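S.K.: I have a structure I would like to understand better, so I am pasting it below and will then ask my questions one at a time.
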Amino acid sequence: MRVLVTGGAGFIGANFVLRTLAERPDVEITVLDKFTYAANPATLASVAEAITVVRGDIADATVVDPLVADADLVVNFAAESHNDRSLADPSSFVQTNLVGTFTLLESVRRHGVRLHHVSTDEVYGDLDLDDPARFTESTAYNPSSPYSSTKAGSDLLVRAWVRSFGVAATLSNCSNNYGPYQHVEKLIPRQITNVLSGIRPKVYGDGANVRDWIHVDDHNDAVWTVIERGELGETYLIGADGEVDNRTVVESILELMGRPADAFDFVTDRPGHDRRYAIDATRLRTELGWTPRFTDFRSGLADTIDWYTAHRAWWEPAKAGVEATYAATQRTL
């Protein structure tokens, strides 16, 4: 099988590439990535001889079309994905998440290639902290930020191309990923690397915002499950029952790293900050038979801390820039 992985040098996409090569030796992988700040070439260095890497933009049809024509499957991880950056400058989110998805859809339609589109639970907006409900495949879209709204738009484009043009596609919406190779602007790696760098961690608002965490390997295993067993045109939610509030996440990191649990600072909340995400992955589990391996968030967090501790050379070059941006804006990136 020839697989084109768009966004394959970013956090989730690169982990998908590494895991696929380790577990599916019959798969030939081409990575298409724009190599923005969020993509680290070092992530794929260990498999450089086993894959083809193309530097390019999924919104550029002249780059995308020949790659799609040579593939049996396209897995689309390419996205601008950081809420804070979308508040500062939404334009790149519109270009990549909307125009890029449109360009990819036109190409897979032209060549009759199977597509799996990876998206986020943030398209559903948020839930009240005391609401027992969780997101399901039938939850109405209600995005809060330029990031989540452009991802919602990309999902709707895929659904429309399936219905109007018969594109062979599946979709998945996942909860918050964590694990190795995640950029240090994101919550968990930022706080881990803060502690490793002697910087006090930062928490938005009151820290009560809840995220539903899933280890990146579990997410990518679920993506393959949807590709192989999912029904074309359908959406599947991917989650591992990992609801934890942000304050507890930071306190857990500090405790696991041998620091006092209260050794962090609260900072001003960001605009439109969603309160709670929660995924109901019943359909994925019952219809497709997927189950997560990392069912204990604290254990997975400890493994992630160990990885960042052992791979300072991977994250240190980006750390100073992230912290400089925080210092200039007084916002947690």
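Per full-length UniProt numbering, the very first residue in the sequence shown carries number 1; after that it's consecutive.
Beta carbons: idealized from backbone N, C-alpha and C, even for Gly.
What you are looking at is a predicted structure, and each value in this text was computed from that prediction instead of being measured.
If I'm right that N176 touches R211 with Cβ under 8 Å, what's the distance once you round it to whole angstroms?
M.R.: Reading the sequence shown from its first residue, position 176 is the one you call residue 176. Reading the sequence shown from its first residue, position 211 is the one you call residue 211. That pair is a contact at about 4 Å.
S.K.: Distance, Cα to Cα, D60 vs E255?
M.R.: Taking the first residue of the sequence shown as 1, we reach residue 60 at position 60. Taking the first residue of the sequence shown as 1, we reach residue 255 at position 255. Cα to Cα, D60 sits roughly 46 Å from E255.
S.K.: Could you tell me if A327 is buried or exposed, where buried requires 16 or more neighbouring beta carbons within 10 angstroms of its beta carbon?
M.R.: Your numbering for residue 327 matches position 327 in the sequence shown. It is exposed - the Cβ of A327 has fewer than 16 other Cβ atoms within 10 Å.
S.K.: Only counting the same chain, and skipping five residues up and downstream in sequence, which positions put a Cβ closer than 7 Å to that of T332?
M.R.: Taking the sequence shown and counting its residues from 1, the one referred to as residue 332 is at position 332. With a pLDDT of only 45 at T332, under the threshold of 50, the placement of this residue in the model should not be trusted; the figure read from the coordinates follows. For T332, where only same-chain residues beyond five positions count, the Cβ hits under 7 Å are K202, Y204, V267 and Y326.
S.K.: Return the chain-ordered list of same chain residues with a C-beta closer than 6 Å to the C-beta of R227, the five sequence neighbours on each side being excluded.
M.R.: Position 227 of the sequence shown holds residue 227. Checking the displayed sequence, the identity of residue 227 turns out to be Ile instead of Arg. Around I227: H116.
S.K.: When we look at the beta-carbon of P143 and count the other beta-carbons within 10 Å, is it buried (16 or more) or exposed?
M.R.: As a position in the sequence shown, residue 143 is number 143, starting the count at 1. By the neighbour-count rule (16 or more Cβ atoms within 10 Å), P143 is buried.
S.K.: Comparing alpha-carbon positions, which option in S107, G198 and L98 lies nearest G153?
M.R.: Here residue 153 refers to the residue found at position 153 when the sequence shown is read from its first residue. Closest by alpha carbon: L98.
S.K.: Do E316 and residue 351 count as a contact pair if the criterion is CB distance below 9 Å?
M.R.: In the structure as shown, the chain begins at 1 and stops at 333. Residue 351 is therefore absent and cannot be evaluated.
S.K.: How close, in whole Å, do the beta carbons of L237 and E137 come, if the pair is a contact with beta carbons under 8 Å?
M.R.: Taking the sequence shown and counting its residues from 1, one reaches residue 237 at position 237. Taking the sequence shown and counting its residues from 1, one reaches residue 137 at position 137. That pair is a contact at about 6 Å.
S.K.: By the DSSP assignment, the beta strand (DSSP E) with W213 in it spans what residues?
M.R.: Here residue 213 refers to the residue found at position 213 when the sequence shown is read from its first residue. Segment V210 to H215, the beta strand (DSSP E) holding W213.
S.K.: Nearest to A79 by alpha carbon, out of V68, A69 and G100?
M.R.: Within the sequence shown, residue 79 is the residue found at index 79, counting from 1. Considering only alpha carbons, the answer is G100.
S.K.: Pull up the CB-CB distance for T122 and D274, whole angstroms please, since I reckon it's below 8 Å.
M.R.: Residue 122 sits at position 122 when you count from the first residue of the sequence shown. Residue 274 sits at position 274 when you count from the first residue of the sequence shown. Rather than Thr, the amino acid found at residue 122 in this sequence is Glu. Yes, they are in contact, since the Cβ atoms of E122 and D274 sit about 7 Å apart, within 8 Å.
S.K.: Counting along the chain, where does the beta strand (DSSP E) carrying F266 start and finish?
M.R.: Within the sequence shown, numbered from 1, the residue matching residue 266 stands at position 266. D265 to V267 is the span of the beta strand (DSSP E), which, as asked, contains F266.
S.K.: What are the boundary residues of the alpha helix (DSSP H) that K151 is part of?
M.R.: If you number the sequence shown from 1, residue 151 lands on position 151. DSSP places K151 inside the alpha helix (DSSP H), whose first and last residues are P146 to F165.
S.K.: Under the three-state reduction of DSSP, which class applies to R259: helix, strand or coil?
M.R.: For this step, residue 259 is matched to residue 259 along the sequence shown. Coil, per DSSP.
S.K.: D155: which of K319, T235 and D131 sits nearest, CA to CA?
M.R.: Position 155 of the sequence shown, counted from the first residue, corresponds to residue 155. The candidate whose alpha carbon is nearest that of D155 is T235.
S.K.: Would R190 pass as a contact of V322 if the rule is Cβ separation under 9 Å?
M.R.: In the sequence shown, counting from the first residue as 1, residue 190 sits at position 190. In the sequence shown, counting from the first residue as 1, residue 322 sits at position 322. Yes; because the gap between Cβ atoms is below 9 Å, this pair is in contact.
S.K.: Residue ranges of each beta strand (DSSP E) run of no fewer than 3 residues wholly in the stretch 293 to 332, ordered along the chain?
M.R.: none
S.K.: If you reduce the DSSP assignment to three classes, tell me which class A168 lands in.
M.R.: Counting from one through the sequence shown, the residue named residue 168 turns up at place 168. Coil at A168, not helix or strand.
S.K.: In terms of alpha-carbon separation, which member of A261, G112, F102 and F93 lies closest to Y147?
M.R.: Here residue 147 refers to the residue found at position 147 when the sequence shown is read from its first residue. When each option's Cα is compared against that of Y147, the closest is F93.
S.K.: Taking the alpha helix (DSSP H) that R24 belongs to, which residues open and close that run?
M.R.: Position 24 of the sequence shown, counting from 1, holds the residue named residue 24. Unbroken run through R24: none, as it is neither H nor E.
S.K.: If you measure between the beta carbons of A169 and L87, is that distance less than 9 Å?
M.R.: Translated into positions along the sequence shown, residue 169 becomes position 169. Translated into positions along the sequence shown, residue 87 becomes position 87. No.
S.K.: Give the range of the alpha helix (DSSP H) segment to which T193 is assigned.
M.R.: The count along the sequence shown starts at 1 and reaches residue 193 at position 193. Its alpha helix (DSSP H) spans residues L187 to L196.
S.K.: For a test of the three-state rule: what should DSSP assign to I51, helix, strand or coil?
M.R.: Sequence index remark: in the sequence shown, residue 51 carries index 51 (1-based). In the structure shown, I51 sits in coil (DSSP, three-state: anything other than H, G, I, E or B).
S.K.: Would DSSP call F129 helix, strand or coil?
M.R.: Position 129 of the sequence shown, counted from the start, is the residue given in the question as residue 129. Note on identity: in this sequence residue 129 is Leu, with Phe being the wrong assignment. In the structure shown, L129 sits in coil (DSSP, three-state: anything other than H, G, I, E or B).
S.K.: Opposite V75 in the DSSP bridges: which residues?
M.R.: Position 75 of the sequence shown, counted from the first residue, corresponds to residue 75. V5 and H116, per the DSSP bridge assignment.
S.K.: Considering Cα atoms alone, identify which of N220, W290 and T295 is closest to R24.
M.R.: As a first step, residue 24 is located in the sequence shown; it is residue number 24 there, counting from the start. It is N220.
S.K.: In the DSSP output, what is N176 paired with across the bridge?
M.R.: Here residue 176 refers to the residue found at position 176 when the sequence shown is read from its first residue. N176 pairs with W213.
S.K.: Could you check the C-alpha separation between T282 and W213 for me, to the nearest Å?
M.R.: By 1-based counting over the sequence shown, the position of residue 282 is 282. By 1-based counting over the sequence shown, the position of residue 213 is 213. Cα to Cα, T282 sits roughly 16 Å from W213.
S.K.: Using only the alpha-carbon positions, how far apart do M1 and D70 sit?
M.R.: Counting from one through the sequence shown, the residue named residue 1 turns up at place 1. Counting from one through the sequence shown, the residue named residue 70 turns up at place 70. One C-alpha to the other measures close to 11 Å.
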